[in-house]
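All residue numbers for the sequence shown refer to the numbering used here, where the first residue is 1016 and numbers rise by one. Positions of the beta carbon are idealized from the N, C-alpha and C atoms, including for glycine.
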Amino acid sequence: MATNSWDLIRQMRLRLRGESGALRSEAPFRVALCYPGQYPVGMSSLGFQTIYREIHLHPGAGAERAFLPDNPEDYRRLRVPLFTCESETPVANFPVVAFSISFELEITGLLELLALSGIPQLRADRTERHPLIIAGGPLTYSNPLPLAPFVDLIFLGEADELIHTFLDDAASASRAELLSRFAALPGCYVPGHSNGLPPIARAPEDRLPAHSQIISPNAVLRSMFLVEPERGCSRTCTFCVMRGTTNGGMRLVAPERVLALIPGHARRVGLVGAAVTDHPRITDLVGDIVRSGREIGISSLRADRLSEELMGLLCQGGCRTLTTAADGVSQRLRNSVQRRTNEQHLIRAAELVRKHRLERMKLYEIIGLPGETLDDIDELVRFSLELARIAPLSLAISPFVAKRNTPLDGAPFEPIHSLEGKLARLRVGVKDKVDIRSVSARWAWVEYQLSQGSEAEGIAALEAWRGGGDFASWKRSLKDSARAL
């Protein structure tokens, strides 16, 4: 527990120790770039790091980072306003405060950061003397409307170039002029000004690939340089926001371009994207990285794209667990959501785990897809036990949450008691032969309400945050939806 303001500053300085690549700027126009989660998570966000660098690349502009504190109550008790990492300046002193939002449940993190900064949370309560609040990030591909009560301007989709357009005008235009101008721009949503949501923005090819600016030993992805060898996806899974029809599908980056960006001091490299192993030259890229003496990680191994050569290279690069996804507890359901993964692909993956003596296979699954029955759950039990006889198996299970801008938009959320019953049936079926980790059905329900919601659900999030942020608070704030539980 911090006992004074210097304790809080020392905690931040200690966390920053060991960073490489942090940028410092004396630019006249500065942006406080906030992540609505704690430092280790935020510094493992490629989008957050990309916008940090893009702001610094703009002439006359600079960015300073701020994160959700490990213990926000210390700031309240000591009456210390949230401050930035770089200059330890209060966030409220910046002309613009920007947020990168990855998914729905981070909205309460945004509310917490505004409160800790002393900035009114509702945009209707702010005046010209308060910072302009802007937001972007992966959430905007789906449904940004719950952000609207709190944010003045939302960048939809890829903000790699939009942030420069914004910075061109932000230092000189009045707030009213700025918001009026951006309400008419593609990829920009100005609550109270825009007439509906415009199409999401698409960054030009010369902005690709996104890559880390800062390597941190205190990030979740510890001391890892992140880079995207592709953006988007070519597949058509009906539950996924990043399916092939989103923003032009998959765009490939040449391996040579990826390799040229990796700094010499980076000993660990993470290849990040919606479908990294669908890159036609992924084996060449992984091979070059591994042969350079670096460790490697990949965010999205697809079971149908695994080969003996690729698996061997990943093992040489320090891979200890093979992580892939089935995203459907039975073949019938995988077919229904156009997931191109079958049992033979997954059996082959387990065999590669055994052959290369990896510690285990981790398999992501979705339960509660439309039309799912107990027979489908029993099929997962049977197949999980079959896989576990080949290699140690972990199941990471998430309840299905329908997202806007997908073919399954509007599909109902399975009742919490039903999902919990299916999880119990699964645990009993596999006994102690398979490790099972599951996302809370209750919090998945909250995510669903926000994912399908509007500004009203944003206000409900504020009420839940004010009520303590536990599930009971969310049930009260979402009382109309909770009646169906």
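- Message: If you follow the alpha helix (DSSP H) that Lys1437 is in, where does it begin and where does it stop?
- Response: Numbered from 1 along the sequence shown, position 422 holds the residue referred to as residue 1437. Segment 1431–1445, the alpha helix (DSSP H) holding Lys1437.
- Item | Contact under 8 Å by Cβ, Ile1392 with Arg1440 | The residue given as residue 1392 occupies position 377 in the sequence shown. The residue given as residue 1440 occupies position 425 in the sequence shown. Yes. Within cutoff.
- Query: What are the boundary residues of the alpha helix (DSSP H) that Arg1030 is part of?
  - Reply: For the purposes of this step, residue 1030 is identified with residue 15 of the sequence shown, where counting begins at 1. Taken as a continuous stretch (DSSP letters only), the alpha helix (DSSP H) holding Arg1030 covers 1020–1031.
- Query: Is it the case that the Cβ atoms of Ser1315 and Thr1336 are separated by a distance below 8 Å?
  - Reply: What you label residue 1315 is simply residue 300 of the sequence shown in a count that begins at 1. What you label residue 1336 is simply residue 321 of the sequence shown in a count that begins at 1. For Ser1315 and Thr1336, no; Cβs fall outside 8 Å.
- Message: Am I right that His1294 and Glu1245 are in contact with their C-beta atoms under 8 Å? What's the rounded C-beta distance?
- Response: Start at 1 with the first residue of the sequence shown, and residue 1294 comes out as number 279. Start at 1 with the first residue of the sequence shown, and residue 1245 comes out as number 230. Confirmed, about 5 Å.
- Just how far apart, CA to CA, sit Pro1214 and Leu1200? Numbered from 1 along the sequence shown, position 199 holds the residue referred to as residue 1214. Numbered from 1 along the sequence shown, position 185 holds the residue referred to as residue 1200. About 10 Å.
- Task: Give every residue of the same chain whose Cβ lies closer than 8 Å to the Cβ of Phe1118, excluding the five residues on either side of it in the sequence, and list them in chain order.
- Result: As a working note, residue 1118 is residue 103 in the sequence shown. Cβ neighbours of Phe1118 beyond the five flanking positions: Pro1153, Leu1154, Glu1462.
- Message: Tell me which residue opens and which closes the beta strand (DSSP E) that Glu1121 is part of.
- Response: Taking the sequence shown and counting its residues from 1, one reaches residue 1121 at position 106. No beta strand (DSSP E) contains Glu1121, which DSSP labels as neither H nor E.
- Note the first and the last residue of the continuous beta strand (DSSP E) segment covering Ala1113. If you number the sequence shown from 1, residue 1113 lands on position 98. Per DSSP, Ala1113 belongs to the beta strand (DSSP E) from 1111–1115.
- Item | Residue closest to Asn1210, alpha-carbon to alpha-carbon, out of Phe1197, Phe1428, Ala1218 | Within the sequence shown, residue 1210 is the residue found at index 195, counting from 1. For Asn1210, the nearest C-alpha among the options comes from Phe1197.
- If you check the beta carbons only, do Ala1037 and Ile1229 fall under 8 Å apart? Counting from 1 along the sequence shown, the entry for residue 1037 is found at position 22. Counting from 1 along the sequence shown, the entry for residue 1229 is found at position 214. In this structure, Ile1229 lies closer than 8 Å to Ala1037 by Cβ.
- Item | First and last residue of the uninterrupted alpha helix (DSSP H) at Gly1302 | Position 287 of the sequence shown, counting from 1, holds the residue named residue 1302. Its alpha helix (DSSP H) spans residues 1297–1306.
- Using a Cβ-Cβ distance under 8 Å, would Ala1186 count as near chain C? This model lacks chain C altogether; it includes just one protein chain.
- Message: Contact defined as beta carbons within less than 8 Å: I believe Ser1238 pairs with Arg1283. What is the distance between those atoms, to the nearest angstrom?
- Response: Here residue 1238 is taken as the residue at index 223 of the sequence shown, counted from 1. Here residue 1283 is taken as the residue at index 268 of the sequence shown, counted from 1. At roughly 6 Å, the Cβ-Cβ gap stays under 8 Å, so Ser1238 and Arg1283 are in contact.
- Residues of its chain near Met1501, where Cβ-Cβ distance is below 8 Å and the 5 sequence neighbours each way are ignored: This structure gives no information on residue 1501, because the portion of the chain shown stretches from 1016 to 1500.
- Could you tell me the distance, in whole angstroms, from the CA atom of Ala1188 to the CA atom of Val1268? Start at 1 with the first residue of the sequence shown, and residue 1188 comes out as number 173. Start at 1 with the first residue of the sequence shown, and residue 1268 comes out as number 253. Cα-Cα distance, rounded: 36 Å.
- Helix, strand or coil at Pro1011 according to DSSP, with G and I counted as helix: The chain is shown only over 1016 to 1500; residue 1011 falls outside these bounds and no answer can be derived.
- For Met1239, write down the residues that DSSP places opposite it in a beta bridge. Within the sequence shown, numbered from 1, the residue matching residue 1239 stands at position 224. Partner(s): Arg1283.
- Sort Asn1158, Gly1151, Ser1195, Pro1159 by Cα distance to Ile1178 and report the nearest one. What you label residue 1178 is simply residue 163 of the sequence shown in a count that begins at 1. The residue with the shortest Cα to Cα distance from Ile1178 is Gly1151.
- Query: For Lys1418, does the count of other Cβ atoms within 10 angstroms reach 16, so buried, or fall short, so exposed?
  - Reply: Along the sequence shown, read from residue 1 onward, the residue named residue 1418 stands at position 403. That one is buried.
- Query: What is the DSSP secondary structure of Phe1415, reduced to helix, strand or coil?
  - Reply: In the sequence shown, counting from the first residue as 1, residue 1415 sits at position 400. Taken through DSSP and simplified to helix, strand or coil, Phe1415 comes out as coil.
- Task: Determine the direct distance from the alpha carbon of Pro1270 to that of Ile1297, and round the result to whole angstroms.
- Result: Against the sequence shown, residue 1297 aligns to sequence position 282. Against the sequence shown, residue 1270 aligns to sequence position 255. Those two C-alpha atoms are separated by around 8 Å.
- Report the rounded CA-to-CA distance for Gly1202 versus His1145, giving the unit in angstroms. Here residue 1202 corresponds to residue number 187 of the sequence shown, with the count starting at 1. Here residue 1145 corresponds to residue number 130 of the sequence shown, with the count starting at 1. Approximately 24 Å between the Cα atoms of the pair.
- Query: Start and end of the beta strand (DSSP E) containing Arg1092?
  - Reply: For this step, residue 1092 is matched to residue 77 along the sequence shown. Not the beta strand (DSSP E): Arg1092 falls in the alpha helix (DSSP H), residues 1087–1093.
- According to the Cβ coordinates, are Glu1470 and Pro1051 closer than 8 Å? As a working mapping, residue 1470 is identified with position 455 in the sequence shown. As a working mapping, residue 1051 is identified with position 36 in the sequence shown. No, the pair does not count as a contact, with Cβ atoms beyond the cut-off.
- Message: Strictly by DSSP, which residues pair up with Asp1510?
- Response: This structure gives no information on residue 1510, because the portion of the chain shown stretches from 1016 to 1500.
- Task: Report the partner residues of Gly1151 according to the DSSP bridge assignment.
- Result: To locate residue 1151, count along the sequence shown from 1; it is residue 136. DSSP, once it has assigned bridges, lists Ser1115 as partnering Gly1151.
- Query: In its own chain, which residues sit with a C-beta less than 8 Å from the C-beta of Pro1096, not counting the 5 before and 5 after it?
  - Reply: In the sequence shown, counting from the first residue as 1, residue 1096 sits at position 81. Correct list, in chain order: Tyr1090, Pro1105, Val1106, Ala1107, Leu1131, Ser1132, Gly1133.
- Message: Am I right that His1371 and Ala1318 are in contact with their C-beta atoms under 8 Å? What's the rounded C-beta distance?
- Response: Taking the first residue of the sequence shown as position 1, residue 1371 is located at position 356. Taking the first residue of the sequence shown as position 1, residue 1318 is located at position 303. Not really, about 15 Å apart at Cβ, beyond 8 Å.
- Task: State the beta-bridge partners of Leu1378 as determined by DSSP.
- Result: Here residue 1378 is taken as the residue at index 363 of the sequence shown, counted from 1. In DSSP, Leu1378 forms a bridge with Thr1339, Leu1410.
- By how many angstroms is the C-alpha of Glu1401 removed from the C-alpha of Trp1458? For the purposes of this step, residue 1458 is identified with residue 443 of the sequence shown, where counting begins at 1. For the purposes of this step, residue 1401 is identified with residue 386 of the sequence shown, where counting begins at 1. Approximately 31 Å between the Cα atoms of the pair.
- Query: What's the gap between the Cα of Thr1065 and the Cα of Ala1174?
  - Reply: As a first step, residue 1065 must be located in the sequence shown, where it is residue number 50. As a first step, residue 1174 must be located in the sequence shown, where it is residue number 159. Taking the straight line from one Cα to the other gives about 9 Å.
- Item | Counterpart residues of Gly1077 in DSSP-defined beta bridges | To locate residue 1077, count along the sequence shown from 1; it is residue 62. Gly1077 pairs with Arg1045.
- When you compare only the Cα positions, how much space is there between Trp1480 and Leu1093? In the sequence shown, counting from the first residue as 1, residue 1480 sits at position 465. In the sequence shown, counting from the first residue as 1, residue 1093 sits at position 78. Their Cα atoms are separated by approximately 21 Å.
- From the DSSP output, in three-state form, read off Leu1168 for me. For the purposes of this step, residue 1168 is taken as the residue at position 153 of the sequence shown. Strand at Leu1168.
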